[in-house]
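These notes concern the structure reproduced below.
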Amino acid sequence: MKQLRTVWEELNRSIFVGERRQHNLRVLTYVSLFTAVLGLVLLVIDFRIGATGAALIPAFVTLAGGLGCAYFAAIRKNRAVACAFPVTFCLVMFTIYAFTGFMQGTAIFWSLLMPIGVSYFVGVKYGIYLSAYYSLLYIVLFYTPLREHVAAYYPEQILLRFPILFISVAAFTFISMVQYHRMALRDMDYTERLNAEVEKQTAVAMERADRLEHMSDEVVNMLAVAIDAKDRYTNGHSFRVSAYAVTLARHLGWAEEEIAALRREAMLHDIGKIGIPDEVLNKPGRLTDAEFDIIQSHAAIGGSILEHSDSMLEAAEVARFHHERYGGGGYPAGRKGEEIPLHARVVAVADAYDAMRSDRIYRKGLAPDAIHAELVRGRGTQFDPALLDAFLVLADNGVLDEVTADANEQLAGAVELGLIEDRPDR
262 MKQLRTVWEE LNRSIFVGER RQHNLRVLTY VSLFTAVLGL VLLVIDFRIG
312 ATGAALIPAF VTLAGGLGCA YFAAIRKNRA VACAFPVTFC LVMFTIYAFT
362 GFMQGTAIFW SLLMPIGVSY FVGVKYGIYL SAYYSLLYIV LFYTPLREHV
412 AAYYPEQILL RFPILFISVA AFTFISMVQY HRMALRDMDY TERLNAEVEK
462 QTAVAMERAD RLEHMSDEVV NMLAVAIDAK DRYTNGHSFR VSAYAVTLAR
512 HLGWAEEEIA ALRREAMLHD IGKIGIPDEV LNKPGRLTDA EFDIIQSHAA
562 IGGSILEHSD SMLEAAEVAR FHHERYGGGG YPAGRKGEEI PLHARVVAVA
612 DAYDAMRSDR IYRKGLAPDA IHAELVRGRG TQFDPALLDA FLVLADNGVL
662 DEVTADANEQ LAGAVELGLI EDRPDR
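Next up, the structure:
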């Protein structure tokens, strides 16, 4: 009994959920449309043979039941109502067939197919209910005094053997469909457990990825601090250039993923300065040609440092090419136009802007009008025209002033925490 209760509880769980439900609705639609076509064909046949009145009812009911089931399955997506049509059809029509001996008593043979069809398309419980009802109906009709009422419609062999045949088929159907239902539940449970484990592991992986991403950002920030600490006259330069570049990219409508990559690349654009001697990098007076060549080498050095990491190849390009000129004549490779990587062209504009607005030991930062004029002068020669035009819109609208203030505020916070040395030239 305990095993039977367990089986019945499992039968109460629907296997038609999620994708299975959608698939079942499609199958119900196809079967019901086929049924409707069958009903239409029967109607045509009935009219051609001159059938009238009650003789037309089975064909009409078949057509209406098929159309009703198709409507609720395909259009309304209401499986419960859609399933009510075939179940009701089976109950009503085969009851009529059984009592009236329709088609000389042969119509009831269709009922042999009903348990497995209802079990598969509608649900095993409904197939069991239908089988139990048919079994009881045939027993009552053929093995009770009602036998005299239907004896005129059925051959003796059907009266004697059909209930046994139907019950045998129904029992076989019951066993096979219960097994099918339970196996489907096992598959669903396994899939659910598998999905839960996948979600769990995905969450763990995402958490680890977030931690690695956070660590990556922290490492980039620390490298940027180290770069700026190397040059005593450009405190916070990498952070501001990164902020300007990100603001420009966002103004241009770049995807956030690409903007995040650009931010890290811009933070490391001057990493090659680590390889420049301090006495050259921090020389207060005019540089000699040889010293200027050494300063320029920071672009190639930066590219060489970063290109050894597969995850830093784009950053290596920015470090190497951000001093190339759009019209040619830049360094270290003399690239021009779109030969220069897009991110490097963005950083070139942001880098020049911060260099002009920042104080140096040999000069004060330029006035906004002077910066604007200098940038315009470099349009198409030093800078990508399209990028420069967008950048000037941000500058003219005061957006970059806000970005500068935010960057300097963050820099001041880092100074308070002792992460960066305070310098008056910011």
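Each residue of the sequence shown is one higher than the one before, counting from 262 in this note's numbering.
Where a beta carbon is used, it is the ideal one built from N, C-alpha and C, also for glycine.
- Taking a 10 Å sphere around the C-beta of Asn285, we find 16 or more other C-beta atoms and assign the residue as buried.
- Assignment of Phe433 by DSSP, reduced to helix, strand and coil, places it in the helix class.
- Three or more pairs of CB atoms, one per stretch, sit closer than 8 Å, so the segment 286-304 contacts the segment 328-343.
- The DSSP assignment places complete alpha helix (DSSP H) segments of no fewer than 4 residues inside the segment 556-630 at 574-582 and 603-618, in order along the chain.
- By the CB criterion at 8 Å, Leu529 and Leu567 fall inside the cutoff.
- Two segments are said to touch when three or more pairs of C-beta atoms, one from each, lie closer than 8 Å; by this definition the segment 548-563 does not touch the segment 601-608.
- Going by beta carbons, His583 and Ala560 fall inside the 8 Å limit.
- Secondary structure note for Ile389: its alpha helix (DSSP H) is the uninterrupted segment Val385 to Tyr404.
- When secondary structure is reduced to three states using DSSP, Arg337 falls in the coil class, being assigned neither helix nor strand.
- For Asp539, the enclosing alpha helix (DSSP H) stretches over residues Asp539 to Leu542.
- Each residue's CA atom was taken as its position, placing Ala527 and Val507 some 9 Å apart.
- Under the criterion of beta carbons closer than 8 Å, Ala315 and Leu304 do not qualify as touching, at roughly 14 Å.
- In the DSSP assignment, the residues bridged to Arg640 are Phe644.
- If the five residues before and after Thr434 are omitted, its C-beta is found closer than 8 Å to the C-beta atoms of Pro376, Ile377, Ser380, Gly388 and Ser392, all from its own chain and listed in chain order.
- Only residues of its own chain outside the window of five on either side were considered, and among them Leu407 have a CB closer than 7 Å to the CB of Val401, listed in chain order.
- When the five nearest sequence neighbours on each side are left out, the beta carbons in the same chain lying within less than 6 Å of the beta carbon of Phe355 are those of Ser372, in order along the chain.
- Nearest Cα to Arg422 within the set Ala510, Tyr399 and Val660: Tyr399.
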